[in-house]
Amino acid sequence: MEKLLTGKLCVVTGAARGMGRSLAIKYAEHGANVALIDLNKEGLEMAAKEVEAKGVQALPLVMDVAAAQEIDSAIRAIESKFIKIDVLANCAGISTSRLLVDVEEAEWDKVLNINLKAVYLLSRRAARNMIQNKVQNGKIVSISSQASKIGEFGNGVYCISKAGLNMLTQILGLELAEYGIAVTAVCPGYVNTEMVQQVFRKRGPLEGMTPEEYEKTLTNTVPMKRMAEPEEIADLMVYLSSGKANYITGVSVTIAGGRTLI
Ligand SMILES: NC(=O)c1ccc[n+]([C@@H]2O[C@H](COP(=O)([O-])OP(=O)(O)OC[C@H]3O[C@@H](n4cnc5c(N)ncnc54)[C@H](O)[C@@H]3O)[C@@H](O)[C@H]2O)c1
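Residue numbering for the sequence shown is 1 to 262, as defined by my numbering.
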């Protein structure tokens, strides 16, 4: 296998499970050292062990990405071990399932803080590191969603947060291009992780269905008639993080089995 990230330092949020965990392990397989960030200490330590088993260094950092004051100290811990950041992958995110008319202000704030504001603050801090260290071809890649492009019933706050993330990607792409930093997002459809199972459990009843009926109904709307596996999203993110994608910036790439074509 051609290793695309040998000797790089990749920072991954949401690395304890799901797509973030899969991506952290793939980065390690491609020869990168990995700083792993998540709230979930146990999951994070297990993921860090899997990263180290690939023969690279891992730095697990337990933190809430929505705690703005913790971001600087986490990045300083990364800088004191690795100095420069080559790649930031924003994978941490939460979903919510409530009609907009029923959403409380605290729920709005929580989703926007984790899915959008934290991505901005982390990206800003990582970009400053890349600029100061004259990193060649730095990358920022975030997980948005198909829900950023097509509004979903009962999922409004999430859709709005991810649509904001796409615009953040565009503007950062524009503003960081002169430093050679490429900024992209991926917009997955349904991906087989714990998060999507929670969505089936919560949104099914909102639509008058059991979680199993809701999963079947949604999967049937995908032209490829299946969910993605986390590794399929991670493969695209590895490509976008690598030297093969130096000229791709400001775009949000859909990976949804054709779901957004209808
Ligand atoms: N699963 C899907 O179908 C799907 C589809 C499109 C987009 N997404 C997006 O992909 C990303 C990853 O989703 P997933 O399905 O792997 O989810 P997941 O719930 O399996 O994993 C998310 C990880 O983020 C961590 N996290 C959440 N809030 C955090 C916080 N405040 N600080 C630090 N860590 C935090 C969690 O502890 C968890 O380990 C999310 O941004 C999600 O919105 C998911």
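Think of the CB as a built atom: it goes at the ideal place given N, C-alpha and C, for glycine as much as any other residue.
> When every heavy atom of ligand 1 is checked, does at least one fall within less than 7 Å of the C-beta of T219?
Replying inline: Sequence index remark: in the sequence shown, residue 219 carries index 219 (1-based). At a cut-off of 7 Å, the beta-carbon of T219 does not count as near ligand 1: no heavy atom of the ligand is closer than that.
> For G93, which residues of its own chain have a beta-carbon under 6 Å away from its beta-carbon, when the five flanking residues on both sides are left out?
Replying inline: In the sequence shown, residue 93 corresponds to position 93, counting from 1. For G93, where only same-chain residues beyond five positions count, the Cβ hits under 6 Å are N115.
> Ordered along the chain, which non-local residues of its own chain (more than five positions away) have a Cβ less than 6 Å from that of K26?
Replying inline: On the sequence shown, residue 26 is found 26 positions in, with the first residue counted as 1. Same-chain partners within the cutoff: A234 and V238.
> Just to confirm, does V157 get its C-beta within under 7 Å of one of the non-hydrogen atoms of ligand 1?
Replying inline: Residue numbering aside, residue 157 sits at position 157 when the sequence shown is read from its first letter. No, ligand 1 has no heavy atom inside 7 Å of this Cβ.
> Less than 7 Å between the CB of G258 and some heavy atom of ligand 1, yes or no?
Replying inline: Taking the sequence shown and counting its residues from 1, the one referred to as residue 258 is at position 258. Every heavy atom of ligand 1 is 7 Å or more from the Cβ of G258, so no.
>> For the alpha helix (DSSP H) containing N129, name the first residue and the last one.
In response: Within the sequence shown, residue 129 is the residue found at index 129, counting from 1. Bounds of the alpha helix (DSSP H) holding N129 are A118 to Q132.
> If V34 and V56 are in contact, beta carbons under 8 Å, what's the gap, nearest whole angstrom?
Replying inline: The count along the sequence shown starts at 1 and reaches residue 34 at position 34. The count along the sequence shown starts at 1 and reaches residue 56 at position 56. With a Cβ gap of about 7 Å, V34 and V56 count as contacting.
> Does the Cβ of V238 lie closer than 7 Å to at least one heavy atom of ligand 1?
Replying inline: Position 238 of the sequence shown, counted from the start, is the residue given in the question as residue 238. No - ligand 1 has no heavy atom lying nearer than 7 Å to the Cβ of V238.
> For the putative contact between G180 and Q136, defined by C-beta atoms under 8 Å, what is the C-beta separation to the nearest angstrom?
Replying inline: Here residue 180 is taken as the residue at index 180 of the sequence shown, counted from 1. Here residue 136 is taken as the residue at index 136 of the sequence shown, counted from 1. About 6 Å; that satisfies the 8 Å criterion.
>> Looking at the secondary structure, which residues open and close the alpha helix (DSSP H) in which K54 lies?
In response: Here residue 54 refers to the residue found at position 54 when the sequence shown is read from its first residue. Note, K54: premise wrong, no alpha helix (DSSP H); not H, not E.
> So what does DSSP say about V186, is it helix, strand or coil?
Replying inline: In the sequence shown, residue 186 corresponds to position 186, counting from 1. Residue state, collapsed to three classes: strand.
> If you check the beta carbons only, do T260 and K149 fall under 8 Å apart?
Replying inline: Working through the sequence shown from its first residue, we reach residue 260 at position 260. Working through the sequence shown from its first residue, we reach residue 149 at position 149. Yes, Cβ-Cβ distance for T260 and K149 is below 8 Å.
> Closest to I140 by CA distance: which of G257, E207 and G250 is it?
Replying inline: Position 140 of the sequence shown, counted from the start, is the residue given in the question as residue 140. When each option's Cα is compared against that of I140, the closest is G250.
> Quick one: Cα of A245 to Cα of G20, how far?
Replying inline: Translated into the one-based positions of the sequence shown, residue 245 becomes position 245. Translated into the one-based positions of the sequence shown, residue 20 becomes position 20. Rounded to the nearest angstrom, the two C-alpha atoms are 20 Å apart.
>> Just to confirm my understanding: we take L236, look at its own chain, exclude 5 residues before and 5 after, and list those with CB closer than 8 Å. What are they?
In response: Taking the sequence shown and counting its residues from 1, the one referred to as residue 236 is at position 236. Taken in chain order, the residues that qualify are V186, V253 and I255.
>> Given a cut-off of 8 Å on the beta-carbon distance, is the pair Y190 and S95 in contact?
In response: As a working mapping, residue 190 is identified with position 190 in the sequence shown. As a working mapping, residue 95 is identified with position 95 in the sequence shown. Taking 8 Å as the Cβ cut-off, Y190 and S95 do not qualify as a contacting pair.
> Got a sec, what are the start and stop residues for the alpha helix (DSSP H) S22 sits in?
Replying inline: Your numbering for residue 22 matches position 22 in the sequence shown. Where S22 is concerned, the enclosing alpha helix (DSSP H) stretches over G18 to E29.
>> Following a CB-centred definition, is M19 positioned closer than 7 Å to any heavy atom of ligand 3?
In response: Because ligand 3 does not appear in the structure shown, any question about it cannot be addressed here, the ligands present being ligand 1.
> Between N113 and I75, which are expected to be in contact by the criterion C-beta below 8 Å, what is the C-beta distance as a whole number of angstroms?
Replying inline: Locating residue 113 in the sequence shown gives position 113, counting from the first residue. Locating residue 75 in the sequence shown gives position 75, counting from the first residue. With a Cβ gap of about 18 Å, N113 and I75 do not count as contacting.
> Taking DSSP as the reference, what is the three-state secondary structure of I140?
Replying inline: Here the question's residue 140 lines up with position 140 in the sequence shown. If DSSP states are grouped into helix, strand and coil, I140 belongs with the strands.
> For S123, which residues from the same chain have a beta carbon less than 8 Å from its beta carbon, with the 5 sequence-adjacent residues on both sides left out?
Replying inline: As a first step, residue 123 is located in the sequence shown; it is residue number 123 there, counting from the start. Excluding residues within five positions, the ones whose Cβ falls inside 8 Å are L88, N90, I140, S142, L168, L172 and V183.
>> Per the DSSP calculation, S252 is bridged to which residue(s)?
In response: As a position in the sequence shown, residue 252 is number 252, starting the count at 1. Paired residue(s): A185.
>> What would DSSP say about P230, mapped onto helix, strand or coil?
In response: Locating residue 230 in the sequence shown gives position 230, where the first residue counts as 1. Assigned with DSSP and collapsed to three states, P230 falls in helix.
> Of the residues E107, G43, A106 and V51, which one's Cα is nearest the Cα of G31?
Replying inline: Start at 1 with the first residue of the sequence shown, and residue 31 comes out as number 31. Among E107, G43, A106 and V51, the Cα nearest to that of G31 belongs to V51.
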